[in-house]
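Following: one structure in structure tokens, then a few remarks.
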Amino acid sequence: MKLKRTMTVGALAAACAAGTMAGTAGVANADWHDCPNGSVCVWEHSNYNGRFLSGGTSVGNVGSAMNDKTTSLWNRTGTVVCYFEHTNSGGRAVYVTGPGDSSANIGASANDKISSWGPCN
Ligand SMILES: [Ca+2]
26 MKLKRTMTVG ALAAACAAGT MAGTAGVANA DWHDCPNGSV CVWEHSNYNG RFLSGGTSVG
86 NVGSAMNDKT TSLWNRTGTV VCYFEHTNSG GRAVYVTGPG DSSANIGASA NDKISSWGPC
146 N
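Using this note's numbering, the letters of the sequence shown correspond one by one to residues 26 to 146.
See the structure below:
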């Protein structure tokens, strides 16, 4: 009985800590629930796990914490978004998402390559 009670309190504390992190930092460990409607979100690992970054339809530099790390993503905007291998939409567009598109694994050709994103021309 005592053990069960302790575990329940621990789970609640963990949930609160995760919510605080997502609300205060652009990059945090998160899952797909943390991607706000109207945002483009990228994750470090497949299946929307690991480090996480959300932004608008244009992000010129994902930052050192996420650079060349994205493996899954979700476009929750109404814009067709292209993902580029260099900052400021530079280099090749390695992946494209239409409005609402998501991918749990963007595949070998785009994996761990994304440095920026923006509306496709
Ligand atoms: Ca990755």
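Here a beta-carbon is modelled for each residue, glycine too, at the ideal position from N, C-alpha and C. Predicted model only: the values in this text are computed from it and were never measured.
query	result
Using 7 Å as the cut-off, classify the Cβ of Glu69 as near or not near the heavy atoms of ligand 1, replying yes or no.	yes
List the DSSP bridge partners of Ser141.	Phe109
In whole angstroms, give me the CA-to-CA distance for His111 and Ser128.	20 Å
Please determine, among Cys107, Leu98, Val65, the residue with the shortest C-alpha to C-alpha distance to Ile131.	Leu98
On the three-pair Cβ rule with 8 Å, is the stretch 118 to 128 touching the stretch 78 to 92?	no
CB Glu69 to CB Thr96, shorter than 8 Å?	yes
Ordered along the chain, which non-local residues of its own chain (more than five positions away) have a Cβ less than 7 Å from that of Trp57?	Tyr73, Trp99
Any idea what DSSP makes of Asn100, helix, strand or coil?	strand
Quick check: what's the CA-CA separation for Ser64 versus Thr102?	6 Å
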